[in-house]
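Shown next, in structure tokens, is the structure this report addresses.
Chains as they are written, first to last, in our numbering: chain E, 3 to 291; chain V, 488 to 1141.
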């Protein structure tokens, strides 16, 4: 009973689409039928019945091939508009038999998988080049197979979240160039502002040794000291149009992440601080702007 | 083998082309038997171009195309007109040639397209127009299996064995469907088409419609099968196995002939029985005959035919004839009466011919006949006396007798040479009977032997051609086979018959040979010649409860066999035989509530398990010891012991 129950559930999950080869099989059977019927050729009858039986049996065989598969995860790396990125997926085969000739389909890509062994998982990836930033709908995500005879395409829709975010294309002025241009903003020790009480966390280079000699623990304070610890990017000042600004900001965010520099971004709809939000959250805000 | 090992590493396109080449090789093989020589040469050229991987540019393709068209033209030369094309055989042949040309050009281009993929199936379908033999039946199944395997192999891209197993299981799954459809799919009663490749249309000799006494005589010591007969139950007794051919009345010195056409016959008992002919219903018999081409008009039926097949007629002498010579295998159902009494309505003209004899040609026989007439006034007694004369004449059966003096053939045979075979016996007996005023005639045909039968199947070979006699007594004809009166068989003939006996195969081999023929005949009857008629007969037989039970059991058996075969072929091979063996033991332990705890060794598990039941201690300790020896001491030779120990443990009831 379990077998039939499982088969019925597979039958519900797996969809079947006729291919051009099925049309050929129908025509061939039609021709053989006439050949057999007109001349009472039993050999032709046998060929006809074999073709019919094989085409008929291809249904259960194909459904069983694909019906036990389950996509356990589908995650993409950071995807940027107009840049090639990778998505990763895991498929588990809970069947006692191997699954053959599979294709992992998304709306933008097809990944061929020659087989998944019985009772095993495979991890694989596919590349994708999104056209624009925002939410990318990968669906319909599905596993397809032409196995065994290619007369029917078996389709197993995947019921996991097939959405991902595409960040703006990171292009524009590099952060290093920007820093050179905006050097004063980064803070200079020459702008001495006075002496402040040592809190215990300041760098040794900032200790004011003259005060220490007098018995007082003090550190030097600089006029732009606070500004120099964080980069402040302002959306409107980045470039001439919104998409270019988003692309520029994305590039700077990535550079800052690379050099572990804290930064803030002032957007028309909000303020983002790398100390408070993760890089991915900031990038997502840029993507969905 | 190296090729097979490297099989799944071959690049996809090359692999596809190799698979396609195999497919084309398989489907083209039977077609090569009837493809004409120019087309064969063209295919050879294409094969050479493919094998030597000669650079195939556009010019090469154009030249090949032109050569292909020229080959087609030459192949169909003579039939190449509208009249020829109207004949289906020529039309199909032309389609095959065009298909072969197109496939050759596409294959030479080295690219796989839809057309190249579907053409093997088209060629297979077209080839079935030309073949209908048992060999082709097996080859067709082989072709379908290979094509299936090639398709699966293309998709699976795995080892040769794995794809073969998959093809096998898939094939097993479809087999019951094929059988059920074949049996129950409604058929119509159209005749089987007669065109096609006829590999077995050799003329059968033996019975000739005349009976020669000279060197043209009825002697064909050949084992070629003339007829195959299937009876509903058992094969009748040996003395009933006379297959009637022609009936001969006129002695033409060197040969015997049928009645002249001018003799009018009073009746023709076609499709009905004469009154009093059959004593009881059990004496009638219906049977199926497959008669191979004889290029004669006679259809042979057991003596005495009462039901002729469709298209044939039974004449007044109970000869069964078709209007045209038999140039193709004939499968027919026939009816005969084995114990009969007929001849009441025989005309005086016919009797006159049955008594016609020239006494001066055989004076010694005439003298003897005169004495018989005087001594035995009753016809029946005279006939017995005649038989006794033959029995006492010390006659020998010889396949190579000394030539008879044809002008005095009976005297020479009975009193001088005393050797001969059936024709000489029949000739002499009829002559002597006529001299003794007993109307007599010669009947020729085939005399089958019970030893050439298995179950309900009987084989009749060319060497079974025979001649016997019929004597008219008390208004009916009695069959007399004078050859049975021979006292002995000469050494040479005995050797000759023995040598030709079933291709020199003796004893069990002969039986095996007969069984092969029997199964061949069954396949021929129930598969190749399965028809609307047979289907209806089968369906009617299903009304019989016993038969229906057997039939349904067979179908269920086939389905179970197919499922088991499929499961066997698709079973996942055990990656580690020790683990798989132990898994069975663990399953048992789990059933009894013992599973391996985290951090527990197998030894601890076994100890824990056996401690609860001392009866198991010894067995479990033995398994424990063997397992550790096999697993860790690399004593793989102990695996058998471990296996036996586990299986014994699983089998035991504690």
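Every residue gets a Cβ at the ideal spot worked out from N, C-alpha and C, and that includes glycine.
Fair warning: this is a prediction, and the values are worked out from it, not measured in the lab.
Output needed for residue i: all residues of its chain with C-beta closer than 7 Å, excluding positions within five of it in sequence on either side, in chain order.
i: residue 717 of chain V; result: 774, 775, 943, 944, 1008 and 1012
i: residue 734 of chain V; result: 745, 804, 806, 928 and 930
Would you give the residue range spanned by the alpha helix (DSSP H) that residue i belongs to?
i: residue 625 of chain V; result: 621 to 643
i: residue 65 of chain E; result: 44 to 69
i: residue 1116 of chain V; result: 1101 to 1119
i: residue 1012 of chain V; result: Element bounds for residue 1012 of chain V: n/a, residue is neither H nor E.
i: residue 861 of chain V; result: 850 to 862
i: residue 607 of chain V; result: 601 to 614
i: residue 547 of chain V; result: 545 to 562
i: residue 742 of chain V; result: Careful: residue 742 of chain V lies outside any alpha helix (DSSP H), inside the beta strand (DSSP E) at 742 to 744.
i: residue 879 of chain V; result: 866 to 879
i: residue 84 of chain E; result: Careful: residue 84 of chain E lies outside any alpha helix (DSSP H) and carries neither H nor E.
i: residue 840 of chain V; result: 835 to 842
i: residue 538 of chain V; result: 524 to 538
i: residue 198 of chain E; result: Careful: residue 198 of chain E lies outside any alpha helix (DSSP H), inside the beta strand (DSSP E) at 194 to 199.
i: residue 243 of chain E; result: Counting along the chain, residue 243 of chain E falls outside any alpha helix (DSSP H), and DSSP gives it neither H nor E.
Please identify the residue among the options whose C-alpha is closest to the C-alpha of residue i.
i: residue 940 of chain V; options: V/715, V/913 and V/848; result: V/715
i: residue 923 of chain V; options: V/846, V/665, V/999 and V/532; result: V/846
i: residue 27 of chain E; options: V/617, V/501, V/537 and V/606; result: V/606
i: residue 1211 of chain V; options: V/551, V/1062 and V/517; result: Outside the shown range of chain V (488 to 1141) lies residue 1211 of chain V, about which nothing can therefore be said.
i: residue 240 of chain E; options: E/68, E/287, E/106 and E/173; result: E/173
i: residue 31 of chain E; options: E/281, E/21, E/52 and E/41; result: E/52
i: residue 747 of chain V; options: V/697, V/948, V/1105 and V/1017; result: V/697
i: residue 133 of chain E; options: E/109, E/117 and E/151; result: E/109
By the three-class DSSP mapping on this structure, what secondary structure does residue i have?
i: residue 827 of chain V; result: strand
i: residue 885 of chain V; result: coil
i: residue 907 of chain V; result: strand
i: residue 491 of chain V; result: Legend: pLDDT at residue 491 of chain V = 49, less than 50; position of this residue unreliable, no value from coordinates given.
i: residue 1083 of chain V; result: coil
i: residue 802 of chain V; result: coil
i: residue 206 of chain E; result: helix
i: residue 1069 of chain V; result: helix
i: residue 951 of chain V; result: helix
i: residue 782 of chain V; result: coil
i: residue 160 of chain E; result: coil
i: residue 117 of chain E; result: strand
Would you say residue i lies against chain B (beta-carbon separation less than 8 Å)?
i: residue 959 of chain V; result: Absent from the structure is chain B; the protein chains it does hold are E and V.
Report buried or exposed for residue i, applying the criterion of at least 16 other Cβ atoms within 10 angstroms of its Cβ.
i: residue 1133 of chain V; result: buried
i: residue 619 of chain V; result: buried
i: residue 695 of chain V; result: buried
i: residue 535 of chain V; result: exposed
i: residue 1043 of chain V; result: exposed
i: residue 211 of chain E; result: exposed
i: residue 125 of chain E; result: exposed
i: residue 16 of chain E; result: buried
i: residue 914 of chain V; result: buried
i: residue 143 of chain E; result: buried
i: residue 1091 of chain V; result: exposed
Specify, as a first and last residue, the run of the beta strand (DSSP E) that residue i falls within.
i: residue 222 of chain E; result: 220 to 224
i: residue 729 of chain V; result: 729 to 735
i: residue 95 of chain E; result: 87 to 95
i: residue 966 of chain V; result: 963 to 967
i: residue 712 of chain V; result: 712 to 717
i: residue 18 of chain E; result: 17 to 20
i: residue 269 of chain E; result: 265 to 269
i: residue 146 of chain E; result: 144 to 147
i: residue 933 of chain V; result: 927 to 934
Once you ignore the five residues that flank residue i on each side, which residues in its own chain have a CB closer than 6 Å to its CB?
i: residue 660 of chain V; result: 1053
i: residue 784 of chain V; result: 808, 809 and 812
i: residue 872 of chain V; result: 859 and 863
i: residue 827 of chain V; result: 764 and 791
i: residue 99 of chain E; result: 120
Can you name, in chain order, every residue of its own chain whose Cβ lies under 8 Å from the Cβ of residue i, other than the five neighbours on each side?
i: residue 973 of chain V; result: 882, 883, 884 and 912
i: residue 1046 of chain V; result: 663
At a cut-off of 7 Å, is residue i close to the ligand HEM when judged by its beta-carbon and the heavy atoms of the ligand?
i: residue 630 of chain V; result: The ligand HEM is not among the ligands present in this structure, which contains no ligands whatsoever.
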